[in-house]
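One structure is given here, and the rest of the page talks about it.
Residue numbers (my numbering): 11 to 102.
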């Protein structure tokens, strides 16, 4: 479907938004605006799918009683910070 052309009606609200984006110099034409929006939607759907997978893992952990238990809120906070720092260090 290379170079296939389709026509869609987006309504006055989005036509105005598209025009504003072009006038602001962010995009050269309506197709660029629509493609940017579709990329964002695709990224959103990918993240949503990933989060659903992580929720399923968490649900399974709860079912299997694979839990972290803390004596108080400070202990939980310390563990969250520690894990966050460990994840940051793995990225670097």
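We treat Cβ as the ideally placed atom computed from N, Cα and C, and that holds for glycine.
Taking C-beta atoms as the reference points, residue 43 and residue 65 fail to come closer than 8 Å. Assignment of beta strand (DSSP E) within the segment 27 to 67, counting only whole runs of 3 or more residues, yields no such run. A straight-line Cα-Cα distance of about 12 Å links residue 56 and residue 48.
The C-alpha of residue 36 lies about 33 Å from the C-alpha of residue 98. Comparing alpha-carbon positions, the option among 94, 41, 86, 51 lying closest to residue 25 turns out to be 41.
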